[in-house]
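Residue numbers (this note's numbering): 5 to 250.
Quick reminder that beta carbons are idealized off the backbone N, C-alpha and C, glycines included.
Reviewing the structure listed below.
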Amino acid sequence: SSTNLLKIVNDILDLSKIEAGEMLLERIGIDLNYALDSVVLTLGHIAKEKHIKLIHHKPDEKFPFVLGDPTRFVRVLTNLVGNAIKYTHDGQVDVRPSYRKLDDTHIEYRCEVTDTGIGIPKEKHLSVFENFTQADSSTTRKYGGTGLGLAITKQLVELMGGTIGLTSEMGMGSTFWFTMPFEITDKVSEEKYRRRRKMHAGTIFPEHARILAAEDHPMNQILMKKLMSRFGIGSFEIADNGVIAQ
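Written as structure tokens, this is what we have:
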């Protein structure tokens, strides 16, 4: 509940900043390949829990480094891929990045996120990008959310000089796409990505993890067991205190 509340508050604050013209964009080196890899890795466990395939179609040609705002760029990708997983019951989510050269120093990045989910009726294609709007009033009750995710995504894309759109039919899935222009650079900001790389270094898949927890409170032990099960960690043990854990 606290996580959901924090997301709602952050969405409203971000929306207010954008509408007030106070959203300042960074302009530093971005590794587009790494940014998308990070999003797929982060959201992959959610798709796995729903038994949905999350497929990242990597092009043969490596994307050049570009200048932009990595935080907002990742936010756009996370919102679109996260939504695709959220509204898909079975099947798969396909993420297809591509780019084309505009001139010697600029490219246009394009990413398509296709799902086999519930779909959106044609008359709702434009309204889903409006504030506090979802395709159906029952969507909020079934899936949660405030209807701000796509509104913020659209405004972030446009703030970065891009465009966003979709194709969808009810019961036939959806494809959300966006394009963004970027200036090419020869290096990425190492400081910006060092912490994220460190976080993913030596990552162990849940099914291979072995965990020992020291916790003396019975309710916390119950919560830990539920969390371990939810994360797919089968090999874990809870000790009543640190002495026993040793």
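- Message: Please state the DSSP three-state secondary structure of residue 235.
- Response: DSSP places residue 235 in coil when its eight states are reduced to three.
- If you draw a straight line from the C-alpha of residue 224 to the C-alpha of residue 232, how long is it? The alpha-carbon of residue 224 is positioned some 12 Å away from that of residue 232.
- Item | Endpoints, the alpha helix (DSSP H) within which residue 153 is located | Residues 153-163.
- Item | Meets three-Cβ-pair contact criterion under 8 Å: the stretch 54-66 and the stretch 173-188 | No, they do not touch.
- Can you tell me the Cα-Cα spacing of residue 2 and residue 211, whole angstroms? Since the displayed the chain opens at 5 and closes at 250, residue 2 lies outside it and no answer follows.
- Message: Once the 5 residues before and after residue 37 are set aside, which same chain residues still bring their CB inside 7 Å of it?
- Response: Closer than 7 Å at Cβ, skipping near neighbours: 66 and 67.
- Message: To the nearest angstrom, how far is the alpha carbon of residue 41 from that of residue 10?
- Response: Counting only the Cα atoms, residue 10 lies some 25 Å from residue 41.
- Task: Could you tell me how far apart the beta carbons of residue 175 and residue 122 are, in whole angstroms, since I believe they sit closer than 8 Å?
- Result: Taking C-beta atoms under 8 Å as the contact rule, residue 175 and residue 122 qualify, at a distance of about 7 Å.
- Nearest to residue 158 (by Cα), restricted to the options 80, 44, 62 and 117: Measuring from the Cα of residue 158, the nearest candidate turns out to be 80.
- Task: Measure from the alpha carbon of residue 192 to the alpha carbon of each residue in 72, 227 and 23, then state which is nearest.
- Result: The option with the nearest alpha carbon to residue 192 is 72.
- Pull up the distance between the alpha-carbon of residue 145 and that of residue 90, whole angstroms please. In this predicted model, residue 145 has a pLDDT of only 47, less than 50, meaning its place in the structure is not dependable; the value taken from the coordinates is given anyway. When rounded, the separation of the alpha-carbon atoms in residue 145 and residue 90 is 13 Å.
- residue 250 (DSSP reduced to helix, strand or coil): Reduced to three states, the DSSP call for residue 250 is coil.
- Item | Helix, strand or coil at residue 19 according to DSSP, with G and I counted as helix | In the three-state reduction of the DSSP assignment, residue 19 falls in the helix class.
- Item | Helix, strand or coil at residue 38 according to DSSP, with G and I counted as helix | Residue 38 falls in the helix class under three-state DSSP.
- Task: Please state whether DSSP places residue 10 in a helix, a strand or coil.
- Result: The answer is helix: DSSP assigns residue 10 an H, G or I state.
- Message: Judging by CA-CA distance, which residue of 58, 70 and 46 is the nearest neighbour of residue 117?
- Response: The shortest Cα separation from residue 117 among 58, 70 and 46 belongs to 58.
- Tell whether a beta-carbon distance below 7 Å holds between residue 19 and residue 156. Going by C-beta atoms, residue 19 is nearer than 7 Å to residue 156.
- Query: Within 10 angstroms of its Cβ, does residue 6 collect 16 or more other Cβ (buried), or is it exposed?
  - Reply: Answer is exposed; the Cβ neighbour count stays below 16.
- Task: Count the other C-beta atoms from every protein chain shown that fall within 10 angstroms of the C-beta of residue 84, then say buried if there are 16 or more, exposed otherwise.
- Result: When all chains shown are included, residue 84 counts as buried.
- Item | With 16 other Cβ atoms within 10 Å as the buried cut-off, status of residue 209 | By the neighbour-count rule (16 or more Cβ atoms within 10 Å), residue 209 is not buried but exposed.
- Might you give, ordered along the chain, the residues of its own chain that have their beta carbon closer than 7 Å to the beta carbon of residue 245, omitting 5 neighbours on each side? 218 and 220, listed in sequence order.
- Distance between residue 109 and residue 165 (C-alpha atoms, nearest Å): Roughly 16 Å between the two C-alpha positions.
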